[in-house]
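When the letters of the sequence shown are read in order and numbered with my numbering, they come out as residues 31 to 357.
Think of the CB as a built atom: it goes at the ideal place given N, C-alpha and C, for glycine as much as any other residue.
Only a predicted model underlies this, so the values are computations on that prediction, with no experimental measurement involved.
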Amino acid sequence: MAVSVICLAGTTESFTSRPSASPSSASRLWETVPRSFRVPQDIATKVLSEDPLVYIIPNLLSPEECQSYQDHVLALQETGRTMTQSNPPQVSLEASKLWPLPFLSLGAGIPPLIRLWQESESSAPTLDQALAVMMPPIVIALCASVILAYGVILPLIQKLSATRSRTSQAMALNKDLPDEDMQFCRDLVQRVSHYTGHPWHAWEAPVVTRYDPGAIFARHGDASPTLGTEWSDQGGQRVVTCICYLNTLVEGGGETSFDQLGIDVPPQQGDALVFFPADPNTLRADPRTTHESLPPQQEKWIVQMFGRIGPRVPPPLGLPDSFASLL
Numbered sequence: 031m032a033v034s035v036i037c038l039a040g041t042t043e044s045f046t047s048r049p050s051a052s053p054s055s056a057s058r059l060w061e062t063v064p065r066s067f068r069v070p071q072d073i074a075t076k077v078l079s080e081d082p083l084v085y086i087i088p089n090l091l092s093p094e095e096c097q098s099y100q101d102h103v104l105a106l107q108e109t110g111r112t113m114t115q116s117n118p119p120q121v122s123l124e125a126s127k128l129w130p131l132p133f134l135s136l137g138a139g140i141p142p143l144i145r146l147w148q149e150s151e152s153s154a155p156t157l158d159q160a161l162a163v164m165m166p167p168i169v170i171a172l173c174a175s176v177i178l179a180y181g182v183i184l185p186l187i188q189k190l191s192a193t194r195s196r197t198s199q200a201m202a203l204n205k206d207l208p209d210e211d212m213q214f215c216r217d218l219v220q221r222v223s224h225y226t227g228h229p230w231h232a233w234e235a236p237v238v239t240r241y242d243p244g245a246i247f248a249r250h251g252d253a254s255p256t257l258g259t260e261w262s263d264q265g266g267q268r269v270v271t272c273i274c275y276l277n278t279l280v281e282g283g284g285e286t287s288f289d290q291l292g293i294d295v296p297p298q299q300g301d302a303l304v305f306f307p308a309d310p311n312t313l314r315a316d317p318r319t320t321h322e323s324l325p326p327q328q329e330k331w332i333v334q335m336f337g338r339i340g341p342r343v344p345p346p347l348g349l350p351d352s353f354a355s356l357l
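Rendered as structure tokens:
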């Protein structure tokens with residue numbers, strides 16, 4: 031299964047750093063992306079669902095750490111870096127779901143077959159004659175359906191998704207400068223990697239996201255419905271997501287809502303919500319993990335990470351190679 035983590039910031043336990051990794055050891059780690067995930071045994075968790083697995087790690091970040099992420103982004107904005115409109119959910123058509131098209135296209139061959147039958151006064155048409163008049167319109171109908179689906183309907187849905195599905199602002203912490211991003215996000219990356227068992231080099235860089243009151247992120251899945259084939263040069267299928275809530279919303283709203291599971295997770299500072307959006311062996315997206323961010327009544331902050339099947343998520347989408355020296 032794939033994993034998703036959502037952090038809401040509170041107190042944090044002490045965390046022992048791992049020994050520093052040399053470039054050669056980092057290269058060897060790139061071959062150890064796990065093919066399964068489980069609930070961590072060395073920290074208290076709250077399991078919300080066993081199948082698919084969804085759980086919370088309380089207090090992954092301290093209140094001070096959560097506030098520091100907000101302050102860090104605000105400080106970076108003063109230096110010229112800006113928060114940009116968050117990417118909308120990935121919209122695509124899964125080819126396997128288009129299986130009715132060939133059968134529906136068969137209907138295009140019925141009118142010419144009826145005409146042929148009516149014109150055959152003396153005897154019924156042969157099979158070859160029937161196929162000769164039926165196949166051209168069937169092929170044309172099938173091709174037209176595919177072109178319509180991928181050339182017209184999909185672009186329209188993508189455009190609609192881009193304008194209506196997400197209204198938040200985000201900034202990626204992916205600069206290869208120890209004093210700017212790498213040193214700052216080291217502890218978060220290390221903890222998430224440790225508790226999920228997913229190595230740092232197979233994660234996308236952390237992204238801090240701010241939702242204004244009423245902002246949304248419409249229902250979506252974190253994994254690709256096409257097995258991540260369109261992400262082959264970006265680390266492949268997403269199998270782990272980490273979202274850390276950086277503030278508690280005392281005025282309500284802002285829940286992460288799993289529509290298929292009937293689970294709503296309210297932002298609670300410091301906690302980490304973990305779930306698995308795709309199977310790491312088959313790479314198939316798990317539709318049961320579709321979710322959305324409900325509109326908050328006040329400003330909402332999160333920091334999120336997405337783990338991929340790897341073995342490496344290349345920078346700048348992923349963390350730079352120099353990150354290994356900080357561990």
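Under the DSSP assignment, Leu104 falls in the alpha helix (DSSP H) whose first and last residues are Pro93 to Glu108. Within its own chain, the residues whose Cβ lies closer than 8 Å to the Cβ of Pro345, once the five positions on either side in sequence are excluded, are Asn204, Asp206, Ala235 and Asp351, listed in chain order. Taking all protein chains shown into account, Ala105 has fewer than 16 neighbouring C-beta atoms within 10 Å of its C-beta and is therefore exposed.
As the crow flies, the alpha-carbon of Phe247 is around 7 Å from that of Ser198. Out of Ala202, Ile73 and Gly139, the CA that lies nearest to the CA of Gln115 is found in Ala202. Runs of the beta strand (DSSP E) lying entirely within the segment 233-281 and spanning at least 3 residues, in chain order: 237-241, 247-250 and 268-275. Of the residues assessed, Cys272 falls on the buried side of the cut-off, its CB having 16 or more other CB atoms within 10 angstroms. Comparing alpha-carbon positions, the option among Arg68, Arg145 and Asp211 lying closest to Val84 turns out to be Arg68.
Using a Cβ distance threshold of 8 Å, Asp289 and Ile87 do not count as a contacting pair.
Leu303: member of the beta strand (DSSP E) spanning Asp301 to Phe305, first to last residue.
In the three-state DSSP reduction, Gln327 falls in the coil class, being neither helix nor strand.
Rounded to whole angstroms, the gap between the alpha carbons of Glu322 and Ala174 is 34 Å.
By the neighbour-count criterion, in which 16 or more other beta carbons inside 10 Å mark a residue as buried, Lys330 falls on the buried side. For the pair of segments examined, the segment 292-308 was found to touch the segment 265-284: the number of CB pairs separated by less than 8 Å reaches three. By a beta-carbon distance limit of 8 Å, His228 contacts Pro64. Their separation comes to about 7 Å.
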